[in-house]
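>
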Amino acid sequence: SRGQGVILQYFASH
Amino acid sequence: MFEARLVQGNLLKKVLESLKDLLTEASWDCADTGIQLQAMDNSHVSLVSVQLRADGFDKFRCDRQLSMGMNLTSMSKILRCAANDDIITIKAQDQADNVTFVFESPNQEKVADYEMKLMNLDQEHLGIPETDYAAVIKLPAAEFQRIIKDLSQFGESVVISCTKEGVKFSAAGDIGVGNIKLAQTASVDKEEEAVTIEMQEPVTLTFACRYLNMFTKATCLAPQVTLSMSPEVPLVVEYKIGDMGHVRYYLAPKIED
Numbered sequence: 553s554r555g556q557g558v559i560l561q562y563f564a565s566h
Numbered sequence: 028m029f030e031a032r033l034v035q036g037n038l039l040k041k042v043l044e045s046l047k048d049l050l051t052e053a054s055w056d057c058a059d060t061g062i063q064l065q066a067m068d069n070s071h072v073s074l075v076s077v078q079l080r081a082d083g084f085d086k087f088r089c090d091r092q093l094s095m096g097m098n099l100t101s102m103s104k105i106l107r108c109a110a111n112d113d114i115i116t117i118k119a120q121d122q123a124d125n126v127t128f129v130f131e132s133p134n135q136e137k138v139a140d141y142e143m144k145l146m147n148l149d150q151e152h153l154g155i156p157e158t159d160y161a162a163v164i165k166l167p168a169a170e171f172q173r174i175i176k177d178l179s180q181f182g183e184s185v186v187i188s189c190t191k192e193g194v195k196f197s198a199a200g201d202i203g204v205g206n207i208k209l210a211q212t213a214s215v216d217k218e219e220e221a222v223t224i225e226m227q228e229p230v231t232l233t234f235a236c237r238y239l240n241m242f243t244k245a246t247c248l249a250p251q252v253t254l255s256m257s258p259e260v261p262l263v264v265e266y267k268i269g270d271m272g273h274v275r276y277y278l279a280p281k282i283e284d
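Chains as they are written, first to last, in my numbering: chain S, 553 to 566; chain U, 28 to 284.
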């Protein structure tokens, strides 16, 4: 099954 | 002092329609270069980025940078009071706690102004890295909306698969399976009806229908939509706002558990 990724996994917070 | 006047006020109405289902509140960051918004949806699955360049406005003045935190549901209610052919002006004093929207009819015979309270929003800004995408697909925005709507009936997810032959959208669920294939158009009379694919390598990603459906609220903005994909990175769904900017949605793919 596939889970939903979150955007914070990909873009760094600053 | 901040003042931005847009003769084509309906563009702003459409921008709000394309945001309000995804975001309840967000900050509009104003500078002399224009207005920007960046916000994540509540579940942090997607990110919206809006750019409205200063030169796209008929009058634009921003003496000092300001960040206007707004309840987008309220902003949307106010913008719905503007007619499609109204001229819209947004005004705020420096360090003000409210913003004013002025709607003028084209013949100037009706002028309405609405004042709205600003909010203090402590919003996280994310750095979006420059990416060379493996596949960039341009297709008619209405076609994309239709595909997502149709496939949403089958399941919660849509698989988008791009090869040199074309792009395939698939969904599977209890009632069965749906596949929609679009080939790159050989020739079209109107550029806006074309399907074009620029591909470096084949890419297949899975996305939640719920978000894709919310993104297609921006279909009213532009005749074409651009989908940019690379393996294991967020999808970018971009709609142009006339020739003054864009709305970009970034959506995290579904991943193996």
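Glycine is no exception: its CB is placed at the ideal position from the N, C-alpha and C atoms.
For clarity, every value in this text was computed on a predicted model and none was experimentally measured.
Would you call the region 266 to 284 of chain U and the region 61 to 80 of chain U in contact, with 3 or more CB pairs under 8 Å?
In short, these stretches touch, since the Cβ pair count reaches three.
> Fully enclosed by the region 75 to 104 of chain U, which beta strand (DSSP E) runs are 3 residues long or longer?
Runs found: 86 to 89 and 93 to 98.
> When the Cα atoms are used, what is the spatial distance from residue 71(U) to residue 252(U)?
Near 23 Å, if we compare the C-alpha coordinates of residue 252(U) and residue 71(U).
> If residue 557(S) and residue 281(U) are in contact, beta carbons under 8 Å, what's the gap, nearest whole angstrom?
Correct: roughly 7 Å between the Cβ atoms.
> So, using beta-carbon positions, are residue 230(U) and residue 209(U) closer together than 8 Å?
No, the Cβ-Cβ distance between residue 230(U) and residue 209(U) is not below 8 Å.
> Tell whether a beta-carbon distance below 8 Å holds between residue 198(U) and residue 178(U).
In contact: residue 198(U) and residue 178(U) (Cβ atoms closer than 8 Å).
> Along the chain, where does the alpha helix (DSSP H) that runs through residue 215(U) open and close?
From DSSP, residue 215(U) is part of no alpha helix (DSSP H); its letter is neither H nor E.
> Which residues share a DSSP beta bridge with residue 57(U)?
62(U) and 93(U).
> By how many angstroms is the C-alpha of residue 224(U) removed from the C-alpha of residue 192(U)?
About 9 Å.
> What's the gap between the Cα of residue 65(U) and the Cα of residue 176(U)?
Cα-Cα distance, rounded: 26 Å.
> What residue does the alpha helix (DSSP H) around residue 37(U) start on, and which one ends it?
That run of the alpha helix (DSSP H) goes 37 to 46.
> Taking the continuous alpha helix (DSSP H) assigned at residue 177(U), which residues delimit it?
Note, residue 177(U): alpha helix (DSSP H), 168 to 178.
> What in chain S is Cβ-close to residue 281(U), meaning under 7 Å?
Here the neighbours are 554, 555, 556 and 557.
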